[in-house]
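Encoded as structure tokens, the structure appears first; notes follow it.
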Amino acid sequence: MLLGVYGPQVEADREELWSEFFDIKKNWNVPWCVTGEFNVTRFVEEQNRGGTLTPAMLRFSEWFDQENLLDMPPNLACTWTNMRESPSLAKLDRILICPHWVEAFPRCSVQGLPRIIGTGRSSQLITTGATLKTPRASSDETKATPFRLESTD
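In full-length UniProt numbering, the protein residues as written are 1 to 153.
See the structure below:
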């Protein structure tokens, strides 16, 4: 299961999001990957402006650890900027996978793509290493085609 997320900025709404993820894990015993902008960092070091650990950061880390999630490489240090003269930088975008995803897609990889000009966003390409059977236009045969997902915010 592949889930895309744009994380809420309001704390109460974040709690609802974490609760929904807990329910998904409880009710769906399948490999899953959550990708998108979570609108929260896990650690102070993931922001160039520093600061202190906030309750939102602690709760995000708690969910992360409780679900045994893995943060897929390339683990970009910064995935967002406000693009000002003295920019704020943060790691808000992630590709998170559960241990079952690793078992199902052991050759899964993530590649950082060049930043899109004029945006403060980084893109990443997920390759599962699996193949899909797709029909050829000229015959009834099938050919293996790799499945890829490009995530751009």
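Even for Gly, the Cβ is constructed at its ideal location relative to N, Cα and C. Since we're looking at a predicted model, the values are computed, not measured.
Nonlocal neighbours in the same chain, by C-beta distance under 6 Å from residue i, ignoring five residues either side
i	result
Ala137	Residue confidence is low: Ala137 scores 49 on pLDDT, short of 50, so the model does not pin down where it sits. Its coordinate-derived value is still stated next. None.
Leu70	Ile97
Phe60	Val40, Arg42
Thr52	none
Option nearest residue i by Cα separation, candidates the options
i	options	result
Pro106	Ile95, Gly112, Asp93, Thr127	Thr127
Glu45	Pro31, Cys78, Thr35, Glu16	Cys78
Cys108	Pro31, Arg42, Trp80, Asp93	Pro31
Phe21	Met72, Gln66, Asn82, Lys91	Gln66
Lys91	Phe64, Glu37, Glu62, Met83	Glu37
Lys25	Asn68, Leu53, Tyr6	Asn68
Leu58	Trp18, Gly4, Val5	Trp18
Pro99	Thr54, Glu62, Asn29	Asn29
Start-to-end residues for the beta strand (DSSP E) that takes in residue i
i	result
Ser109	109-113
Glu37	33-37
Arg94	93-97
Val40	Per DSSP, Val40 belongs to no beta strand (DSSP E) and is neither H nor E.
Val5	2-6
Integer Cβ distance of residue i from residue j, believed to fall under 8 Å
i	j	result
Glu85	Ala56	Incorrect: roughly 27 Å between the Cβ atoms, too far for contact.
Asn48	Leu2	Not a contact, Cβ separation roughly 30 Å.
Asn39	Pro87	Wrong, their Cβ atoms sit about 17 Å apart, outside the cutoff.
Trp101	Asp93	The pair is not a contact, with the Cβ atoms about 18 Å apart (cut-off 8 Å).
Own chain residues within Cβ distance below 8 Å of residue i, not counting five before or after
i	result
Gln111	Pro74, Gln124, Leu125, Thr127
Gly50	Val44
Val5	Leu17, Val34, Thr35, Gly36, Glu37, Phe38
Opening and closing residue of the alpha helix (DSSP H) in which residue i lies
i	result
Leu58	55-66
Leu17	11-27
Beta-carbon contacts of residue i that lie in its chain and below 7 Å, excluding the five residues immediately before and after
i	result
Ser113	Before going on, a small fix: residue 113 reads as Leu here, not Ser. Result list for Leu113: Ser123, Gln124, Leu125, in chain order.
Ile95	Cys33, Thr35, Met72, Val110, Gln124, Ile126
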